[in-house]
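First to last, the sequence lines map onto chains A and B.
Position one of the first sequence corresponds to residue 969 (the working numbering), numbered consecutively onward.
Position one of the second sequence corresponds to residue 7 (the working numbering), numbered consecutively onward.
We treat Cβ as the ideally placed atom computed from N, Cα and C, and that holds for glycine.
Since this is a predicted model, take the numbers as computed values, not measurements.
What follows is a set of notes on a single structure, which appears directly below.
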Amino acid sequence: MNKHYETVIGLEVHVELATKTKIFCSCSTAFGGAPNTHTCPVCTGMPGALPVLNKQVVEYALAVGLATNCKINKYSRFDRKNYFYPDNPQNYQISQLYLPICYDGGVEIEAAAGKKIVGIHEIHMEEDAGKLFHDEEGTLIDYNRSGVPLIEIVSEPDMRNADEVIAYLEKLRLIIQYLGASDCKLQEGSMRADVNLSVRRAGAKELGTRTEMKNLNSFKAIMRAIESEEKRQIELIEDGKEVVQETRRWDDGRECSYPMRSKEDAQDYRYFPEPDLAPVIISDEWIERIKGAQPELRDEKRVRYRAEYDIPDYDIDIITSSKKMADIFEETIKLGARPKEVSNWLMVETMRLLKEHECEPENIKFSPQNLAKLIALVEKGSINRTVAKEVFEVMFCENIDPETYVHEHGLGMVSDEGALKEIIEQVIAANPQSVADYCNGKKQALGYLVGQTMRAMKGKADPQLVNKILAERLNV
Amino acid sequence: MADIITDEMIDYVSILAKLELTPAEKEQAKNDMAKMLDYVDMLNELDTSGTEPMYHVFPVSNVFREDVVVNGDDSEGMLKNAPERKDNFYKVPRTVD
Ligand SMILES: [Zn+2]
């Protein structure tokens, strides 16, 4: 980054709310339905259809607003944003321009440069659009997403680099996930960020001309797009050219962006108050009720874990970085497992398998019940750790009951010392050289013999017990 | 007529409205729009400084639905409104090059 310039970034974050139904009609929001099976006259913009607001949308928007220190507009309304595009069958999107539900908030972020507050200009409620597919003959439309509730969180231009942008997005994601207002999956589009970016000479007071970057589907894409756009704008200025205020689309494959609209698509939305929807009046009691129902958020959880559980801060940060992981952690402990043990399974095996399967923690399938059972099997000595890891892999993919699985696959440890001793005799007989080495003082030869015994037992023995019996037998 | 709609203005409004007008239609539209603006000018003469804007025709607020799925799959019925369909999709002219 050129040190003669400063980058100024603001974000527009769209979050799909976790309601069962759409914002203005009783159609399902379920993901993955066959095309157009979740549609009705309201969400396909049929003339005469009347939208009616989903109360849960208001409650989620309020919860997010309060958790991000926003003020609440006691009197809030919807407006029509007019534009023609087939993803929007009404030819207008119902949104909020003049009186958004929340405004003037902010969250504290912790980036490399230290802590800072990123201001939130406003949060408004609006509807999502349909999905377009293009084939040779034409454009095909699925309106299942049309009318799915969104909140748009508009930040102040308070961020100065990609690192702060990621910290801010992570902060929002965690707050919203903990509130249960959305699952906030960037890849699946339930959280989307548009980046408004401008550059100015270091020390300048006035903001430069900004561009808006769309189509950013991962944190990596966001970082790359910010770096690329900073560079592009600085080069323009250095060449004596002007930055044009425009919307650009990021192409992550080619790592570059291009302008999205031609002048034939003037961005003039001619907003006006939505006459089909009644205003929303929010009472102090309603706000208090939402505040009272707010669950423990991540920052509070971190403090409590530090006080309650004897696990490292690093583990606490990782576990609480996903609501799902934190829930599994607490549930499993409630079922009697030791916190350190649960933390180990999450930090080591779970993280490894998530990475291997390219999965988000929110998609974890195994239940706390099954994790508690697996931990108990190890603690009781019914299976050893090697077998436990194998069982865990199956559990990770299919959430099997580890007790049943161990029983059905005969993975339980052989605790019958007679059977074990028999195998040990065979191993001794088959490896005279190692036995001789051990007796001549090469103590590490014992490790080899333990390994051979474990192999013969197909891993179903307690290695410490094998070690003990072998040592006793050879030391005679 | 006090208000005059310029050619640039009518071209811009045509783009927004996705309309292609013939020269004759353009003149007609310019004329009509100027009359509409004259009417608005007349309304603007009224002193509304003490009047609350009216956003909704009825004095109602907080008209809500509970978050319960009621609508089932009526895609067959809905797709009857499609200008054209392909499988279970609405089909329109290609929107991208
Ligand atoms: Zn609907």
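Looking at the secondary structure, which residues open and close the alpha helix (DSSP H) in which A:D1285 lies? Here residue 1285 of chain A is taken as the residue at index 317 of the first sequence, counted from 1. Counting along the chain, the alpha helix (DSSP H) containing A:D1285 begins and ends at D1281 to T1288.
Going by DSSP, what residues sit across from A:Q1061 in a beta bridge? Start at 1 with the first residue of the first sequence, and residue 1061 of chain A comes out as number 93. Paired residues: A:K1049.
Do we get a CB-CB distance below 8 Å when we pair B:K32 with the residues of chain A? What you label residue 32 of chain B is simply residue 26 of the second sequence in a count that begins at 1. Closer than 8 Å: no.
For chain A, is any of its Cβ atoms less than 8 Å away from the one on B:N41? Residue 41 of chain B sits at position 35 when you count from the first residue of the second sequence. Note on identity: in this sequence residue 41 of chain B is Lys, with Asn being the wrong assignment. No, B:K41 lies away from the interface with chain A (no Cβ there is under 8 Å from its Cβ).
For A:E1094, is the classification buried or exposed, using 16 other Cβ atoms within 10 angstroms of its Cβ as the cut-off for buried? Residue numbering aside, residue 1094 of chain A sits at position 126 when the first sequence is read from its first letter. With 16 or more other Cβ atoms within 10 Å, it is buried.
Taking three-plus beta-carbon pairs below 8 Å as touching, is the segment 1210-1226 of chain A in contact with the segment 1167-1185 of chain A? yes
DSSP three-state label for A:V981, please. Walking along the first sequence from the start, residue 981 of chain A turns up at place 13. A:V981 falls in the strand class under three-state DSSP.
Mapping the DSSP letters down to three states, classify B:K97 as helix, strand or coil. Within the second sequence, numbered from 1, the residue matching residue 97 of chain B stands at position 91. Looking at B:K97 - three-state DSSP - the assignment turns out to be strand.
Chain-ordered chain B contacts of A:D1236 [CB-CB under 7 Å]: Locating residue 1236 of chain A in the first sequence gives position 268, where the first residue counts as 1. L22, listed in chain order.
Cβ-Cβ distance between B:N40 and B:I10 below 8 Å: Within the second sequence, the letter at position 34 stands for residue 40 of chain B. Within the second sequence, the letter at position 4 stands for residue 10 of chain B. The question names Asn, but residue 40 of chain B in the sequence shown is Ala. Cβ atoms of B:A40 and B:I10: closer than 8 Å.
Continuous beta strand (DSSP E) stretch holding A:S1225: start and end: On the first sequence, position 257 is the one that residue 1225 of chain A refers to. Where A:S1225 is concerned, the enclosing beta strand (DSSP E) stretches over C1224 to P1227.
Would you please state the rounded distance, in angstroms, between the beta carbons of A:M1381 and A:K1341? I believe it to be under 8 Å. To locate residue 1381 of chain A, count along the first sequence from 1; it is residue 413. To locate residue 1341 of chain A, count along the first sequence from 1; it is residue 373. The pair is not a contact, with the Cβ atoms about 16 Å apart (cut-off 8 Å).
Check each candidate in A:G1176, A:I1343, A:I1250 and A:A1189 and name the one with the smallest Cα separation from A:E1214. Here residue 1214 of chain A refers to the residue found at position 246 when the first sequence is read from its first residue. Out of A:G1176, A:I1343, A:I1250 and A:A1189, A:G1176 has the C-alpha closest to the C-alpha of A:E1214.
Any residues whose CB sits closer than 6 Å to a heavy atom of ligand 1? List them in chain order? A:K990, A:C993, A:C995, A:T1007, A:C1008, A:V1010, A:C1011, A:G1115 and B:N77
Output yes if chain A places a C-beta closer than 8 Å to the C-beta of B:V46; else output no. The residue given as residue 46 of chain B occupies position 40 in the second sequence. Chain A contact via Cβ: absent.
With a 10 Å radius around its C-beta and 16 neighbouring C-beta atoms as the bar for buried, classify A:C1070 as buried or exposed. Indexing the first sequence from 1 puts residue 1070 of chain A at position 102. Buried, by the Cβ-count rule.
Could you check whether the Cβ of B:K36 sits closer than 8 Å to any Cβ belonging to chain A? Taking the second sequence and counting its residues from 1, the one referred to as residue 36 of chain B is at position 30. By this cut-off, B:K36 is not an interface position.
Can you confirm whether the segment 1337-1357 of chain A touches the segment 1397-1413 of chain A when touching is taken to mean that 3 or more C-beta pairs between the two stretches lie within less than 8 Å? no
Scan the segment 1254-1315 of chain A and note each continuous alpha helix (DSSP H) run of 4 residues or more that stays entirely inside, going in chain order. 1266-1276, 1281-1288, 1291-1302 and 1307-1312
Determine the extent of the beta strand (DSSP E) in which A:F1364 is found, giving its start and end residues. Sequence index remark: in the first sequence, residue 1364 of chain A carries index 396 (1-based). A:F1364 -> not in any beta strand (DSSP E); alpha helix (DSSP H) instead, spanning R1353 to E1366.
Whose Cβ in chain A lies nearer than 7 Å to the Cβ of B:T123? The question about residue 123 of chain B has no answer here: the residues shown for chain B are numbered 7 through 103.
Check each residue of the segment 1002-1022 of chain A: if its Cβ is closer than 8 Å to any Cβ of chain B, include it; give the result in chain order. A1002, P1003, N1004, T1005, H1006, T1007, C1008, P1009, T1012, M1014, V1020, L1021 and N1022
Taking 8 Å as the limit between beta carbons, can you name the residues of its chain near A:Q1473, skipping five residues before and five after? Beyond the ends of chain A as shown, which are 969 and 1444, falls residue 1473 of chain A; an answer cannot be given.
Mind checking the segment 1197-1210 of chain A against chain B and listing, in chain order, the residues whose C-beta falls within less than 7 Å of any C-beta there? none
Rounded to the nearest angstrom, what separates A:N1408 and A:D1384 at their Cα positions? In the first sequence, the residue the question calls residue 1408 of chain A occupies position 440. In the first sequence, the residue the question calls residue 1384 of chain A occupies position 416. Cα to Cα, the separation comes out at about 30 Å.
Following a CB-centred definition, is A:M1293 positioned closer than 7 Å to any heavy atom of ligand 2? Here the bound small molecules are ligand 1; ligand 2 is not part of this structure.
Tell me whether B:L52 sits in a helix, a strand or coil according to DSSP, three-state version. If you number the second sequence from 1, residue 52 of chain B lands on position 46. If DSSP states are grouped into helix, strand and coil, B:L52 belongs with coil.
Listed by chain order, chain B residues near A:G1106 by CB distance under 7 Å: Taking the first residue of the first sequence as 1, we reach residue 1106 of chain A at position 138. Those within 7 Å of A:G1106 in chain B are K97, V98, P99 and R100.
Would the beta-carbon of A:V1025 fall within 8 Å of that of A:L1067? Here residue 1025 of chain A refers to the residue found at position 57 of the first sequence. Here residue 1067 of chain A refers to the residue found at position 99 of the first sequence. Against a cut-off of 8 Å, the Cβ pair of A:L1067 and A:V1025 comes out as no contact.
Who are the Cβ neighbours of A:E1197 in its own chain at under 7 Å, not counting the five residues just before and after it? Translated into positions along the first sequence, residue 1197 of chain A becomes position 229. L1165, T1179, M1181 and S1225, listed in sequence order.
C-beta atoms of A:E1120 and A:I1085 nearer than 8 Å: Against the first sequence, residue 1120 of chain A aligns to sequence position 152. Against the first sequence, residue 1085 of chain A aligns to sequence position 117. No, the pair does not count as a contact, with Cβ atoms beyond the cut-off.
Contacts of A:I1249 in chain B (Cβ-Cβ under 7 Å): In the first sequence, counting from the first residue as 1, residue 1249 of chain A sits at position 281. By Cβ distance, chain B contributes S67 and N68.
Given this structure, state the Cα-to-Cα distance separating A:L1140 from B:D47, to the nearest angstrom. As a position in the first sequence, residue 1140 of chain A is number 172, starting the count at 1. As a position in the second sequence, residue 47 of chain B is number 41, starting the count at 1. A:L1140 and B:D47: Cα-Cα distance of roughly 47 Å.
Given a cut-off of 8 Å on the beta-carbon distance, is the pair A:N1331 and A:M1363 in contact? Here residue 1331 of chain A refers to the residue found at position 363 of the first sequence. Here residue 1363 of chain A refers to the residue found at position 395 of the first sequence. No, they are not a contact pair.
Coil, strand or helix - A:V1403 by DSSP: To locate residue 1403 of chain A, count along the first sequence from 1; it is residue 435. It is helical.
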